[in-house]
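Quick note, the sequences are listed as chains A and B, same order.
Quick note on my numbering: the first sequence kicks off at 1 and runs consecutively.
Quick note on my numbering: the second sequence kicks off at 1 and runs consecutively.
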Amino acid sequence: MSGHSTYEPKTGFERWLDMRLPILRMAHDTALAFPTPKNLNYWWTFGGILAVMLVVQLVTGIVLAMHYVPHVDHAFASVERIMRDVNYGWLIRYMHANGASMFFVAVYIHILRNLYYGSYKAPREILWILGCVIYLLMMATAFMGYVLPWGQMSFHGAVVITNLLGALPIVGEAITTWLWGGFAVDNPTLNRFFSLHYLLPFMIAGVVALHIWALHVPGNNNPTGVNVKSAEDTVPFHPYYTVKDGFAIAVFFLMFASFVFYNPNILGHADNYIPANPLVTPAHIVPEWYFLPFYAILRAVPDKLGGVLLMFGAIGVLFVLPWLDTSKVRSMRYRPTARLYFLIFVVACLVLGFCGAKLPDDPVIPGVSTFQLFDADLNSFVWLSRIATAYYFAYFVVILPILGLTETPLPVPDSISAPVLSHPATTPAGAVASPEKRG
Amino acid sequence: MLRKVSALAALGLALIAGPALSAPHPKEPKAVSWGFEGPFGKFDQAQLQRGYKVYREVCSACHAMNLMSFRNLGQKGGPFYDPKYPNPNDNPYVKALAKDIQVNDIDSETGDVIQRPATSADRFPSPFANEAAARASNGGALPPDLSVIAKARSGGPRYIYSLLTGYAAPPAGLTVPAGSYYNQYFPGDLTASWSGDHDHVPPGGFLAMAPPIQPDQVSFDDGTKSTVAQQAKDVTAFLAWAAEPKMQERKQFGFAAMIYLLIFTVLLWFSYRRIWRNVAH
Numbered sequence: 001m002s003g004h005s006t007y008e009p010k011t012g013f014e015r016w017l018d019m020r021l022p023i024l025r026m027a028h029d030t031a032l033a034f035p036t037p038k039n040l041n042y043w044w045t046f047g048g049i050l051a052v053m054l055v056v057q058l059v060t061g062i063v064l065a066m067h068y069v070p071h072v073d074h075a076f077a078s079v080e081r082i083m084r085d086v087n088y089g090w091l092i093r094y095m096h097a098n099g100a101s102m103f104f105v106a107v108y109i110h111i112l113r114n115l116y117y118g119s120y121k122a123p124r125e126i127l128w129i130l131g132c133v134i135y136l137l138m139m140a141t142a143f144m145g146y147v148l149p150w151g152q153m154s155f156h157g158a159v160v161i162t163n164l165l166g167a168l169p170i171v172g173e174a175i176t177t178w179l180w181g182g183f184a185v186d187n188p189t190l191n192r193f194f195s196l197h198y199l200l201p202f203m204i205a206g207v208v209a210l211h212i213w214a215l216h217v218p219g220n221n222n223p224t225g226v227n228v229k230s231a232e233d234t235v236p237f238h239p240y241y242t243v244k245d246g247f248a249i250a251v252f253f254l255m256f257a258s259f260v261f262y263n264p265n266i267l268g269h270a271d272n273y274i275p276a277n278p279l280v281t282p283a284h285i286v287p288e289w290y291f292l293p294f295y296a297i298l299r300a301v302p303d304k305l306g307g308v309l310l311m312f313g314a315i316g317v318l319f320v321l322p323w324l325d326t327s328k329v330r331s332m333r334y335r336p337t338a339r340l341y342f343l344i345f346v347v348a349c350l351v352l353g354f355c356g357a358k359l360p361d362d363p364v365i366p367g368v369s370t371f372q373l374f375d376a377d378l379n380s381f382v383w384l385s386r387i388a389t390a391y392y393f394a395y396f397v398v399i400l401p402i403l404g405l406t407e408t409p410l411p412v413p414d415s416i417s418a419p420v421l422s423h424p425a426t427t428p429a430g431a432v433a434s435p436e437k438r439g
Numbered sequence: 001m002l003r004k005v006s007a008l009a010a011l012g013l014a015l016i017a018g019p020a021l022s023a024p025h026p027k028e029p030k031a032v033s034w035g036f037e038g039p040f041g042k043f044d045q046a047q048l049q050r051g052y053k054v055y056r057e058v059c060s061a062c063h064a065m066n067l068m069s070f071r072n073l074g075q076k077g078g079p080f081y082d083p084k085y086p087n088p089n090d091n092p093y094v095k096a097l098a099k100d101i102q103v104n105d106i107d108s109e110t111g112d113v114i115q116r117p118a119t120s121a122d123r124f125p126s127p128f129a130n131e132a133a134a135r136a137s138n139g140g141a142l143p144p145d146l147s148v149i150a151k152a153r154s155g156g157p158r159y160i161y162s163l164l165t166g167y168a169a170p171p172a173g174l175t176v177p178a179g180s181y182y183n184q185y186f187p188g189d190l191t192a193s194w195s196g197d198h199d200h201v202p203p204g205g206f207l208a209m210a211p212p213i214q215p216d217q218v219s220f221d222d223g224t225k226s227t228v229a230q231q232a233k234d235v236t237a238f239l240a241w242a243a244e245p246k247m248q249e250r251k252q253f254g255f256a257a258m259i260y261l262l263i264f265t266v267l268l269w270f271s272y273r274r275i276w277r278n279v280a281h
């Protein structure tokens, strides 16, 4: 899509088709000949992994939908029927359930790679924003998918999350009623969640196409963050990156398979194997692990509306990130100070995830009570999540804007090839997969 | 029951709202090892047969297993699987087991509700006609369906075994409500019923199920000594199988899949090295 096409039709049919629908030309230019920086490390393979996971989720999901019954009286039993009586139903369902988790593992790594190497900066802002849209759609899809088995966590998770919108002033109640299709989470809710859970993945696929289109205009960023200067800096996507991505996908699938075959329920919650009962609330409602950081941010704020706004703000801030970061240097490889703050940011996200799984008032250090600060003891998960939440937002709205103006970055190489040619591992015989030995 | 427990828990929390104390937890489940654990784990067929007998003679008096059909007992990996009968509906042992149990049906001639012997295609009948009947017979508590219970409790089979063998005499100072029983492994908060030291609330909770298993309650056909621990272990294995009847198939399939993926990964690694050998990067 960028640069001129190198496609040459070889057969008569290809020439005939090329005059009418240059689909082979497009495939050749985007998936085969596409010039790609030659220094991409393994962190760059997660784009390919995500594409494959989307296909896995679509295929398994379509098969599951052939057997699933979206009705409050039958949903739970129909899922168990898939596990028991459908040929390889256990495989399809466990792939789909664990596949969602794997999808999020990959997307979080993909996002963090972006943050570290500054891939969101000009001229890739649209590419980044499309990625944020995909992430939002993924969260909506995963949430609605988790409701479908109609277990205890499905039901009460749906109640908690849909009630959040009720916190909005004036329109809140009308929105929740409209969303539920009634005055409580019930059969109409399950029915529409099933419909939307089937629809959204195709919307994701559509935005993914735009995401890839937006990628092919400026081309890939790379670990140095330096623009491609000459043909010497790049290799054709095929076979160089098809094989490298292929290897990474295979390694990822080994991990995926170890969950599906040996620990299929470890990422889920036991309560979701209890059929939904609106009259019995589980002692401890927790979302799936990939929502825990946002759940912690929600509960960090004592006010419900404030919590909801901050939770959505945590994703909203990502959309404006390209204009918050003032540094002209893309890669944090040459920004030692920023690298340190980035590391703390990753820790803050993990801490938030940890806090999201705990009861807010439980002590972080057991058995120690310090002093009451406003509404809770300082030694509590709610205060820990407040500190981590503060850092999460400070990183985007304070640290990145100021740091770009105040820090002194290390010298940036002139081209992608420059650091390679001075690197000890340049000799082809001893060439290593990636010079900084990542991945 | 859960409602009762959460009400108790809320009451307990209200009592200790002042000092920052965490709620007492039930005891950690006993460390039992099962043959079906681990990547090569398999169910022991003799144990599953004993476990089914315990379920049928003890548990099924109160607990339904709505997701189970008699044919499941004869399917591959099941308690009464016989390779001679790949279709479990043909398995004579399963047919005989089903025939001993009466199920409700509708007489197609008259439309009357009738009882007839079950066939292998029938589901396990429920012990109670409906939830209200179940609660009325159990002091207001609803005996949970056991079809997937081994997946539906954190701790899984270990928790179930611990619960079945975890009844103990309540410590002095603990007031056990009428119709409830003290169990060290049942989740709950006993603070409200405890008159002793607030920092040493006993672990566990109250549940409405009386200790279900007595020594020699079920006589095993294979001569296994019928202790409480043995019966609990066997019925737990049966429940673990019922919750995940395709577990063995899954692990076997998984082993082949892992080997395949491993070979594929190694091949891709060498392809990668070969393709990139002339590129400095």
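In this text, a Cβ means the ideal position worked out from N, Cα and C, and glycines have one as well.
### Query
To the nearest whole angstrom, what separates the beta carbons of B/Val279 and A/Lys38, a pair I think is in contact under 8 angstroms?
As a position in the second sequence, residue 279 of chain B is number 279, starting the count at 1. As a position in the first sequence, residue 38 of chain A is number 38, starting the count at 1. Sure, about 6 angstroms apart at Cβ, within 8 angstroms.
### Task
Could you name the residues that DSSP lists as bridge partners for B/Arg123?
Mapped onto the second sequence, residue 123 of chain B falls at position 123. Paired residue(s): B/Ser69.
#### Entry: Neighbourhood of B/Leu142 by C-beta distance below 8 angstroms, restricted to the same chain and skipping five residues each side
Stepping through the second sequence from its first residue, residue 142 of chain B is reached at position 142. Only Met1, Glu131, Ala134, Arg135 meet the Cβ criterion.
### Task
Give me the Cα-Cα distance between B/Phe253 and A/Phe371, rounded to the nearest whole angstrom.
Within the second sequence, residue 253 of chain B is the residue found at index 253, counting from 1. Within the first sequence, residue 371 of chain A is the residue found at index 371, counting from 1. Spanning the two alpha carbons is a distance of roughly 55 angstroms.
### Task
State the Cα-Cα distance for the pair A/Pro401 and A/Lys304, rounded to the nearest angstrom.
The sequence position of residue 401 of chain A within the first sequence is 401, counting from 1. The sequence position of residue 304 of chain A within the first sequence is 304, counting from 1. If I take the Cα positions, the gap works out to 29 angstroms.
#### Entry: Assumed close pair A/Cys355, A/Ala296 - CB separation to whole angstroms, cut-off 8 angstroms
Walking along the first sequence from the start, residue 355 of chain A turns up at place 355. Walking along the first sequence from the start, residue 296 of chain A turns up at place 296. Yes, they are in contact, since the Cβ atoms of A/Cys355 and A/Ala296 sit about 4 angstroms apart, within 8 angstroms.
### Message
For B/Ser147, count the other beta carbons within 10 Å of its own beta carbon; 16 or more makes it buried, fewer makes it exposed. Which is it?
### Response
Counted from its first residue, the second sequence places residue 147 of chain B at position 147. By the neighbour-count criterion, in which 16 or more other beta carbons inside 10 Å mark a residue as buried, B/Ser147 falls on the buried side.
### Query
Is the Cβ-Cβ distance between A/Ile129 and A/Phe143 less than 8 angstroms?
Residue numbering aside, residue 129 of chain A sits at position 129 when the first sequence is read from its first letter. Residue numbering aside, residue 143 of chain A sits at position 143 when the first sequence is read from its first letter. In terms of Cβ geometry, A/Ile129 and A/Phe143 do not form a close pair [threshold 8 angstroms].
### N-terminal and C-terminal residue of the alpha helix (DSSP H) that A/Pro236 is part of
Position 236 of the first sequence holds residue 236 of chain A. Membership of A/Pro236 in any alpha helix (DSSP H) is not indicated; the residue belongs instead to the beta strand (DSSP E) covering 234 to 236.
### Contact under 8 angstroms by Cβ, A/Val382 with A/Asp414
As a working note, residue 382 of chain A is residue 382 in the first sequence. As a working note, residue 414 of chain A is residue 414 in the first sequence. Not a contact, by the Cβ cut-off of 8 angstroms.
### Message
Please report the distance separating the alpha-carbon of B/Leu21 from that of A/Pro169.
### Response
Numbered from its first residue, the second sequence carries residue 21 of chain B at position 21. Numbered from its first residue, the first sequence carries residue 169 of chain A at position 169. In this prediction, B/Leu21 scores a pLDDT of 42, lower than 50, which makes its location untrustworthy; the coordinate-derived value is nonetheless stated afterwards. Looking at the two C-alpha atoms, the distance is approximately 36 angstroms.
### Message
Within a Cβ cutoff of 6 angstroms, which residues of the same chain sit near A/Thr337, ignoring the five residues on either side of it in sequence?
### Response
Position 337 of the first sequence, counted from the start, is the residue given in the question as residue 337 of chain A. Same-chain partners within the cutoff: Glu407.
### Query
CB-CB under 6 angstroms to A/Phe103, same chain, minus the five flanking residues each way: which ones, in chain order?
Along the first sequence, read from residue 1 onward, the residue named residue 103 of chain A stands at position 103. Excluding residues within five positions, the ones whose Cβ falls inside 6 angstroms are Met53.
### Query
Given that B/Val148 touches chain A, what residues does it touch there, using C-beta distances under 7 angstroms?
Indexing the second sequence from 1 puts residue 148 of chain B at position 148. Counting only Cβ-Cβ distances below 7 angstroms, B/Val148 has contacts in chain A at Glu80, Tyr273, in chain order.
### A/Arg192 and A/Gly206 closer than 8 angstroms at C-beta
Within the first sequence, residue 192 of chain A is the residue found at index 192, counting from 1. Within the first sequence, residue 206 of chain A is the residue found at index 206, counting from 1. Contact: no.
### Query
Beta-carbon of A/Arg246 versus every beta-carbon of chain B: anything under 8 angstroms?
One-based indexing of the first sequence puts residue 246 of chain A at position 246. Note on identity: in this sequence residue 246 of chain A is Gly, with Arg being the wrong assignment. Yes, because at least one Cβ of chain B sits closer than 8 angstroms to the Cβ of A/Gly246.
#### Entry: Run of the alpha helix (DSSP H) containing A/Phe393, from where it starts to where it stops
Against the first sequence, residue 393 of chain A aligns to sequence position 393. 381 to 394 is the extent of the alpha helix (DSSP H) around A/Phe393.
### Task
Round the Cβ separation of B/Gly74 and B/Val94 to the nearest angstrom and send it over; I've been treating them as touching at under 8 angstroms.
Numbered from 1 along the second sequence, position 74 holds the residue referred to as residue 74 of chain B. Numbered from 1 along the second sequence, position 94 holds the residue referred to as residue 94 of chain B. 4 angstroms between Cβ atoms; contact.
#### Entry: Buried or exposed by the 16-neighbour rule on C-beta atoms within 10 Å, applied to A/Ala75
For this step, residue 75 of chain A is matched to residue 75 along the first sequence. So A/Ala75 counts as buried.
### Query
Who are B/Gly111's beta bridge partners in DSSP?
Residue mapping note: residue 111 of chain B aligns to position 111 of the second sequence, counting from 1. DSSP output for B/Gly111 lists no bridge partner at all.
#### Entry: Below-8 angstroms beta-carbon distance, B/Pro86 vs any chain A residue
Within the second sequence, residue 86 of chain B is the residue found at index 86, counting from 1. At a cut-off of 8 angstroms, the C-beta of B/Pro86 has no neighbouring C-beta in chain A.
### Task
Give me the Cβ distance between B/Tyr55 and B/Val235, rounded to the nearest whole Å; I'm assuming they're in contact under 8 angstroms.
Indexing the second sequence from 1 puts residue 55 of chain B at position 55. Indexing the second sequence from 1 puts residue 235 of chain B at position 235. The Cβ separation is near 6 angstroms, so the contact holds.
### Task
Report whether the distance from the Cβ of B/Pro29 to the nearest heavy atom of the ligand COA is below 7 angstroms.
In the structure on display, the ligand COA does not appear, and there are no ligands present to speak of.
### Query
Using the beta-carbon count (16 or more within 10 Å), is B/Trp241 buried or exposed?
Locating residue 241 of chain B in the second sequence gives position 241, where the first residue counts as 1. When all chains shown are included, B/Trp241 counts as buried.
### Message
Please classify A/Glu8 as buried or exposed, where buried requires at least 16 other C-beta atoms within 10 Å of its C-beta.
### Response
Here residue 8 of chain A is taken as the residue at index 8 of the first sequence, counted from 1. By the neighbour-count definition (other C-beta atoms within 10 Å, threshold 16), A/Glu8 is an exposed residue.
### Query
Taking the alpha-carbon positions, what's the A/Pro264 to B/Pro39 distance?
On the first sequence, residue 264 of chain A is found 264 positions in, with the first residue counted as 1. On the second sequence, residue 39 of chain B is found 39 positions in, with the first residue counted as 1. Here the alpha carbon of A/Pro264 sits roughly 12 angstroms from the alpha carbon of B/Pro39.
### Task
Compare the C-beta of B/Gly254 against all C-beta atoms of chain A and say whether one is closer than 8 angstroms.
Here residue 254 of chain B refers to the residue found at position 254 of the second sequence. True, the Cβ-Cβ gap to chain A drops below 8 angstroms.
### Message
Using a Cβ-Cβ distance cut-off of 8 angstroms, determine whether B/Lys283 contacts chain A.
### Response
Outside the displayed range of chain B (1 to 281) lies residue 283 of chain B, so it cannot be described from this structure.
### Task
Could you tell me whether the stretch 135 to 155 of chain A touches the stretch 203 to 220 of chain A, where touching means 3 or more Cβ pairs closer than 8 angstroms?
The stretch 135 to 155 of chain A makes contact with the stretch 203 to 220 of chain A, as at least three CB pairs between them are under 8 angstroms.
### Task
Using the Cα positions of B/Ala152 and A/Gln57, report the straight-line distance between them to the nearest angstrom.
Locating residue 152 of chain B in the second sequence gives position 152, counting from the first residue. Locating residue 57 of chain A in the first sequence gives position 57, counting from the first residue. So the two alpha carbons sit approximately 25 angstroms from each other.
### Task
With B/Tyr260 as the anchor, note down where its alpha helix (DSSP H) starts and where it stops.
Position 260 of the second sequence, counted from the first residue, corresponds to residue 260 of chain B. Counted as a single uninterrupted DSSP element, the alpha helix (DSSP H) harbouring B/Tyr260 occupies residues 247 to 275.
### Message
Strictly under 8 angstroms for the Cβ-Cβ distance: is A/Pro239 near chain B by that measure?
### Response
The sequence position of residue 239 of chain A within the first sequence is 239, counting from 1. Taking Cβ atoms only, chain B reaches closer than 8 angstroms to A/Pro239, which makes this a yes.
### Message
Whether or not the stretch 46 to 63 of chain B and the stretch 210 to 224 of chain B are in contact is what I'm after, with contact meaning three or more pairs of Cβ atoms, one per stretch, closer than 8 angstroms; do they touch?
### Response
Segment contact: the stretch 210 to 224 of chain B against the stretch 46 to 63 of chain B, three or more CB-CB distances shorter than 8 angstroms; contact assigned.
### Message
Considering only the alpha carbon of each residue, which of A/Ile249, A/Ala276, A/Thr224 lies closest to B/Tyr272?
### Response
Numbered from 1 along the second sequence, position 272 holds the residue referred to as residue 272 of chain B. Per the Cα distances, A/Ile249.
### Query
In three-state DSSP terms, what is B/Asp105?
For the purposes of this step, residue 105 of chain B is taken as the residue at position 105 of the second sequence. Three-state DSSP puts B/Asp105 in a strand.
### Message
Do B/Ala118 and B/Arg71 count as a contact pair if the criterion is CB distance below 8 angstroms?
### Response
Here residue 71 of chain B corresponds to residue number 71 of the second sequence, with the count starting at 1. Here residue 118 of chain B corresponds to residue number 118 of the second sequence, with the count starting at 1. In this structure, B/Ala118 does not lie closer than 8 angstroms to B/Arg71 by Cβ.
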